[in-house]
Amino acid sequence: MNRLSERKLKILQLIIEEYISSGEPVGSRTISKNTELNLSAATIRNEMSDLEELGYLVQPYVSAGRVPSQNAYSLYVDELMQTEPIKHDEIDTIEEVLNSNICKIDDLLNETVKLLSNLTSYTSIAILNKETKRKKNLIKHFELVPISEYLVVMIIVMEDGKVHNDIINVGNSISKEKLDLISTSISGNIVGKSIYELGDTLSSYVKEEIHSYDVFFENIMKTLDKNIDNSGPLSIMLKGANNIFNYPEFNDIGIAKSFFTLIEDKNSLVDIVKTKGIEKDNVNIIIGDKSMGDLFDNYSILTANFDENDSSLAKIGIIGPRRMDYKKVFTLINYITKYLNDKLWKI
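Heads up: the sequence shown is residues 31 to 377, going by this note's numbering.
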């Protein structure tokens, strides 16, 4: 629990929200204009001095107003932030975009991060756990279709809608009847499974079915391997990186460079996004400080999970300045992830 009186908490809340809005250090005169307080500028100035001593405010230079510290933002999102209902026009936009892209996970995440970036004017990110996706994305249809005496088209249709078409050299002449038999037999053993779980079971089975067509078999296996994404367990999508320049504190070239260094270092970015912050409803709020490295000192990230059968399928987030509009971002991310998890996550 914090050690602040109700009056100090209210003054701190007003300072934080004013600074989020203006980006300028906040003075006592500005806060004294608030009719809820009915306090003089001198009284507020004394309270601000106390808040500075307690580590909640910082005076960037002499005679300037104060700005919130990392501790102040943490207290704000944990106790003081009053969430607002999402706007009706934002609901309409969100549901239209999500409903029209629900059939494919990659498209859905890509459109979600684009939507979040547009609605918040911050940088948005999605991290897809491809291992979970692989287990979920099953083979829906398999077929071998002859196009000449020695060439066959292998067609694989996945449950996410993606279709793989590959031409295979049979090696030896093969009759349509034999090809149909092979196609039907293979289909019966792989439809409903992920390519990634077939392994040696498929290899031994196909060898048995087409033992007299070794070249054909090798080409089938090479083609199946080619359709496996071996780029690593995570896929990262990023939208709105240039939005950071909308905020005056990032006009400094050094800070701007640090931001691009942050988003280009995928491993560090993934580690930061996985950090446990302040958990509020469905959202994890990470407020950067120097303990997380100099690159992250100026930023905050709000993230939320997409889950499937207790497995994390993806994580979406917003990266912005520490003075980001937490209420707006929290409301949007919370609504979107709950809408997907509760109503649409059927793919």
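Cβ atoms here follow ideal geometry from the backbone N, Cα and C, with glycine treated the same way.
In the same chain as F275, and ignoring 5 residues on each side of it, the C-beta atoms closer than 8 Å to its own belong to N281 and A286, in chain order.
DSSP places R59 in the helix class (H, G or I) of the three-state scheme. Residue state for V127 is assigned as helix, using DSSP reduced to three classes. For D80, the secondary structure class from DSSP, reduced to helix, strand or coil, is helix.
Taking C-beta atoms as the reference points, T361 and I46 fail to come closer than 8 Å. Cβ-Cβ distances below 7 Å link G53 to Y277, P278, E279 and R353 in the same chain, with the five nearest sequence neighbours on each side left out; the list follows chain order.
Taking a C-beta distance under 8 Å as the contact criterion, I293 and L268 qualify as a contact pair. In this structure, DSSP gives Y329 an extended state, which the three-state scheme calls strand. For D319, there is no enclosing beta strand (DSSP E), as DSSP marks it with neither H nor E. Under the three-state reduction of DSSP output, S213 falls in the helix class.
Excluding residues up to 5 positions away in sequence, P55, V56, V97, P98 and R353 lie with their Cβ nearer than 8 Å to the Cβ of Y49 in the same chain.
Around the beta carbon of G95, 16 or more other beta carbons lie within 10 angstroms, which makes this residue buried. Under the 10 Å beta carbon count, T291 is surrounded by fewer than 16 other beta carbons and is classified as exposed. Sequence-distant Cβ neighbours of K368 in its own chain, meaning closer than 8 Å and more than five residues away, are N312. In this structure, the beta-carbon distance from Y329 to G318 falls below 8 Å. N129 counts as exposed, since fewer than 16 other C-beta atoms from the protein chains shown sit within 10 angstroms of its C-beta.
Sequence-distant Cβ neighbours of V359 in its own chain, meaning closer than 8 Å and more than five residues away, are T150, Y152, L332, I348 and G350. For the pair K170 and E189, the CB atoms are nearer than the 8 Å cut-off.
If you ignore the 5 residues before and after S217, its C-beta comes within less than 8 Å of the C-beta of H171, F172 and E173, all in its own chain and listed in chain order.
If you look at N195, you'll find it in the beta strand (DSSP E) that goes V193 to N199. In the DSSP assignment, V300 falls within the unbroken alpha helix (DSSP H) covering K296 to V303. If the five residues before and after L110 are omitted, its C-beta is found closer than 6 Å to the C-beta atoms of Q43, all from its own chain and listed in chain order.
Its chain contains A71 as the residues whose beta carbon lies nearer than 8 Å to that of R59, once the 5 sequence neighbours on both sides are disregarded; these appear in chain order. At the C-beta level, K345 and I124 stay beyond 8 Å of one another.
DSSP, read as helix, strand or coil, puts A94 in coil.
Annotation for I135: no beta strand (DSSP E) segment contains it, though the alpha helix (DSSP H) segment containing it runs I135 to T150.
Here E77 is buried, its C-beta having at least 16 other C-beta atoms within 10 Å. In this structure, L299 lies away from G222, with their beta-carbon atoms at least 8 Å apart. Under the DSSP assignment, V359 falls in the alpha helix (DSSP H) whose first and last residues are Y356 to Y369. Distance from the CA atom of E66 to the CA atom of R37, rounded to whole angstroms, is 11 Å.
Under DSSP, the beta-bridge partners assigned to V183 are V175 and I197. In this structure I302 is not in contact with S104, their Cβ atoms being roughly 16 Å apart against a cut-off of 8 Å.
By the CB criterion at 8 Å, L181 and N199 fall inside the cutoff.
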